[in-house]
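These notes are about the structure you will find just below.
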Amino acid sequence: MRNRTAASLMLAAPLFAFLLVFYFYPIASFLLRSVNTAEITDTIPATTAALADWNGENLPDEAVYAALVTDLNASAQSAAILGRRLNALDPGMRTVVRKATAAARELAAATPAEMKAGLIEADAKWGSHATWSLIRHETRIATVTFLLSAVDVQREDGGLEFRTGGEALFLPIFLRTLAISLTVTLICVVVGYPVAWVIAMASPRTAGWLMLMVLVPFWLSILARTAAWIIVLQGNGPVNSFLMSIGLTDGPLQLVYNRFGVVLVMVHVMLPFLVLPLTNSIRAIPKAYFQAAANLGAPPVRAFVHVIFPLTVPGMWAGGFIVFILSIGYYITPALVGGPNDQMISSFIAFYTNQSINWSLASALSAWLLGGMLVLVMLSQRVVAPMIRRVT
Amino acid sequence: MRRYLAMLACAAGLIGLVPGMASARDLTIVAWGGVGQEAQRAAFFEPYTKATGMKILEDQNPLLAKVRSMVESGNVTWDLLDQESAEAIIGCEEGLFEKLDWSQIDKSKYAEHVHSDCGYGFYTAGNILAYDGDRFADNPPASWADFFDTAKYPGKRGLWNTPKGALEVALMGDGVPAGDVYKVLRTPEGVDRAFAKLDSVKKDILLWSSGAEFLSRLASGEYVMTYAWNGRIATTNATDKKNFKIAWDAGYTYVTDQLVIVKGSPNAAQAMEYIKFIHQHPELQAEYTKRTFYSSTSLASLDHLSDDVKAQLPLIPDRLQHGVPVDDEFWVENLDSLTERFNTWAAQ
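Residue numbers (the working numbering), protein chains in the order written: chain A, 5 to 396; chain B, 44 to 391.
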């Protein structure tokens with residue numbers, strides 16, 4: 005027996021190796037960027053070492069300033085990376101670092117005291133305690149700054165503070181992502197249930213055709229389907245023309261580039277993910293149950309509510325859960341048919357990855373998203389699944 | 044087990060081979076796709092291959108992020124990229140691009156301020172106010188103030204989904220002359236003023252993220268007017284028989300795209316030869332201009348163009364009084380913080 009297990013493990017080994025190398029390793033190494041400070045410690049190694057001795061109370065010693073001048077002169081490229089990284093934490097620091105880089109070139113042969121004075125003269129921020137505590141904080145082994153700012157928490161005078169009102173960016177977007185996903189899931193269940201029911205109850209021939217109608221859009225490219233919806237829903241598109249021709253509205257309705265469009269198109273894209281598992285679970289209910297319920301005197305509605313419906317709950321839950329999880333990470337549809345206030349969290353991850361190149365923040369947002377998903381999956385497995393089992 | 048080990052060794056060997064293979068590839072040039080890339084192919088790539096026998100590989104979307112991961116991982120598969128000037132400067136400072144050997148290039152026959160340390164400026168695009176001429180025969184929008192006047196011109200207006208451009212036109216719409224835009228924008232009050240102007244029409248603004256997007260929305264009537272790139276407007280008029288108009292006199296910004304060589308490119312020397320080739324052939328630059336309606340940086344190329352084409356370019360003398368070059372220094376320093384503010388503004 006043990007040999008068998010070992011053999012099957014051996015057979016699965018390439019799969020494990022594949023997952024490890026091409027799935028878990030890249031994900032882990034990207035997620036680590038959210039707490040990693042190597043980017044900054046590698047660019048200013050001498051300053052990092054010198055700052056370790058700083059008591060953190062007054063301004064750092066002249067030795068720290070001298071170390072910074074050495075670091076900045078060592079590589080212009082490092083200085084640029086330092087500027088970008090600090091700028092992500094405190095807007096304006098790119099300029100401060102640039103001024104220091106220019107000054108450092110002049111100060112290469114100066115005394116430490118002159119270096120300190122020179123840097124502060126280049127930009128007053130070098131004479132500010134806040135600048136240095138920021139740098140010291142970001143040169144420790146790990147930083148939680150990005151994980152915090154991904155949920156709108158920032159450091160203010162040593163304490164932590166939520167960004168409020170008009171300043172908050174990510175929390176509202178996480179909430180919006182959750183709200184859109186829930187809406188889409190609920191609509192999918194309401195719309196998809198009857199479809200699944202009809203397919204499951206139909207004769208094999210009819211069911212085949214109906215299934216094909218669900219699957220054909222499923223096989224089409226999401227991009228093509230989304231673009232088609234834009235054409236159908238736009239201001240002078242067929243839907244608006246029809247509504248105006250029958251006199252229902254005077255002017256064109258805004259059906260696309262808003263929340264309505266996003267939800268509508270996402271429901272269309274996600275529907276097959278609900279219908280397929282649900283159809284299977286309805287099909288799996290033995291026909292004898294219907295007859296048994298009828299024989300015991302239950303009218304059709306009662307038989308459905310008390311006998312059949314509970315049996316379809318696992319299928320509905322599975323389908324709904326797939327739709328919900330897929331929706332949460334959704335990117336392309338909101339990007340194309342949504343306005344700026346319909347964008348979901350993944351579009352911000354893409355933005356910080358590709359456009360702003362703030363990979364630490366992108367990684368922090370991903371970490372929260374992934375963590376949230378894992379919690380949801382676990383809740384579904386541990387809490388909801390046993391509940392469903394008890395009900396059925 | 045031995046077989047697995049052998050397979051593993053094979054795989055390792057293959058991975059080891061990749062960098063070796065990379066150095067043997069052809070010169071790979073990366074542009075932004077669409078009309079611009081087709082025009083580069085016809086105007087530059089094909090003549091270059093014909094003249095030198097060197098083949099050129101193409102790719103699309105040279106995002107700075109991708110360059111950075113290539114340079115960091117040491118697996119450089121791109122050689123020559125098309126970057127906007129601000130990105131060319133940022134990438135240059137961060138060591139993602141090679142410094143160009145300017146001793147090999149005579150800058151004297153070129154417009155000023157189009158090159159940077161790492162970037163050879165090769166065309167200039169205008170960021171302009173565009174509208175459908177068929178829609179506004181009687182009272183066309185003529186200024187950025189009209190762009191922000193939703194009473195006079197009801198409907199959605201398009202802006203690029205980035206503060207770069209949006210803030211400039213907001214100030215022009217608020218009465219700041221094109222030449223003073225960056226002076227105002229450099230003050231905190233100026234930035235607030237620009238955002239306040241954007242706020243005043245927020246519900247009528249629909250941001251776009253690509254040239255294709257503003258073109259299709261302009262054609263479908265979704266946009267009454269939009270901030271756009273002049274070349275896309277002019278080429279669509281030429282190929283799709285549209286009557287899109289550009290309000291040049293409203294004021295516009297212009298930006299130069301530069302060719303940069305990726306740091307550590309095994310074909311760096313050949314990439315430099317390609318730049319020199321373009322540099323020595325103003326007639327090819329004129330060909331590129333004819334196909335894109337973007338201004339070549341080579342003044343000599345103007346001799347090869349008809350008046351009809353010249354009338355549609357951003358860099359012609361009697362138009363320049365309305366135009367202002369995008370201030371790269373300003374955006375290199377402020378892009379990150381203003382983008383965050385812009386995103387927060389747009390997301391609410």
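Where is the CB? At the ideal position from N, CA and C, for every residue including glycine.
- Annotation for V188/A: V267, M270, V271, M274, V327, S331 place their beta carbon closer than 7 Å to its own, counting only its chain and skipping 5 residues before and after.
- For A131/B, no CB of chain A lies under 8 Å from its own CB, so it is not counted at the interface with that chain.
- Rounded to the nearest angstrom, the Cβ distance from G208/B to T296/B is 7 Å, consistent with a contact under 8 Å.
- When only Cα atoms are considered, G319/A and R393/A end up about 12 Å apart.
- Cβ-Cβ distances below 7 Å link F325/A to S384 in the same chain, with the five nearest sequence neighbours on each side left out; the list follows chain order.
- When E232/B, F190/B, L70/B are compared, the shortest CA-CA separation from L100/B is found for L70/B.
- In this structure the segment 292-309 of chain B lies against the segment 176-191 of chain B, because at least three pairs of beta carbons, one per stretch, are closer than 8 Å.
- Comparing C-alpha distances from D346/B to each of K152/B, R178/B, G169/B, F385/B shows the shortest one belongs to K152/B.
- In this chain, the beta strand (DSSP E) harbouring E160/A covers 157-160.
- Close to L227/A, with beta-carbon spacing below 8 Å, lies no residue of chain B; the smallest spacing is near 12 Å.
- The segment 119-131 of chain B makes contact with the segment 156-174 of chain B, as at least three CB pairs between them are under 8 Å.
- Among the CB atoms of chain A, none fall inside 8 Å of the CB of S253/B.
- Here Y69/A is buried: its Cβ has 16 or more other Cβ atoms, across all protein chains shown, within 10 Å.
- Of all residues in the segment 96-114 of chain B, only L106, L107, A108, K109, R111 place a beta-carbon less than 8 Å from a beta-carbon of chain A.
- Scanning chain A for C-beta atoms nearer than 8 Å to the C-beta of A390/B yields L173, P176, I177, P344, N345, Q347, reported in chain order.
- Closest option to H133/A, judged by alpha-carbon separation, among R180/A, L190/A, N59/A: N59/A.
- Taking a C-beta distance under 8 Å as the contact criterion, L173/A and N310/B do not qualify as a contact pair.
- Using a Cβ distance threshold of 8 Å, F34/A and S364/A do not count as a contacting pair.
- Per the C-alpha coordinates, the member of Q359/A, F308/A, P281/A positioned closest to F294/A is F308/A.
- Annotation: the segment 52-110 of chain A contains the following complete segments of the alpha helix (DSSP H) (minimum length 4 residues), in chain order: 66-78, 80-93.
- Around the CB of A106/A, fewer than 16 other CB atoms lie within 10 Å, so the residue is classed as exposed.
- Counting of Cβ neighbours within 10 angstroms places S338/B among the buried residues, the total reaching 16 or more.
- Distance from the CA atom of Q391/B to the CA atom of N362/A, rounded to whole angstroms, is 22 Å.
- When the alpha-carbon of D370/B is set against those of T95/B, A67/B, F140/B, V227/B, the nearest one is in V227/B.
- In this structure, L214/B lies near A237/B, with their beta-carbon atoms less than 8 Å apart.
- Chain B has a Cβ within less than 8 Å of the Cβ of A80/A.
- Bridge partners of D175/B according to DSSP: F287/B.
- Around the beta carbon of E383/B, 16 or more other beta carbons lie within 10 angstroms, which makes this residue buried.
- Assigned with DSSP and collapsed to three states, P318/A falls in helix.
- Per DSSP, the continuous beta strand (DSSP E) segment holding D300/B begins and ends at 295-304.
- With a minimum length of 3 residues, the unbroken runs of beta strand (DSSP E) contained wholly in the segment 148-231 of chain B fall at 163-175, 199-203.
- With a threshold of 8 Å between beta carbons, T340/B makes no contact with chain A.
- Collapsing the DSSP output to three states places S341/B in a strand.
- In the structure shown, the three-state DSSP call for M377/A is helix.
- Proximity to E43/A across L55/A, S82/A, F28/A peaks at S82/A, based on C-alpha coordinates.
- Residue contact check for D125/B against chain A: no CB pair falls below 8 Å.
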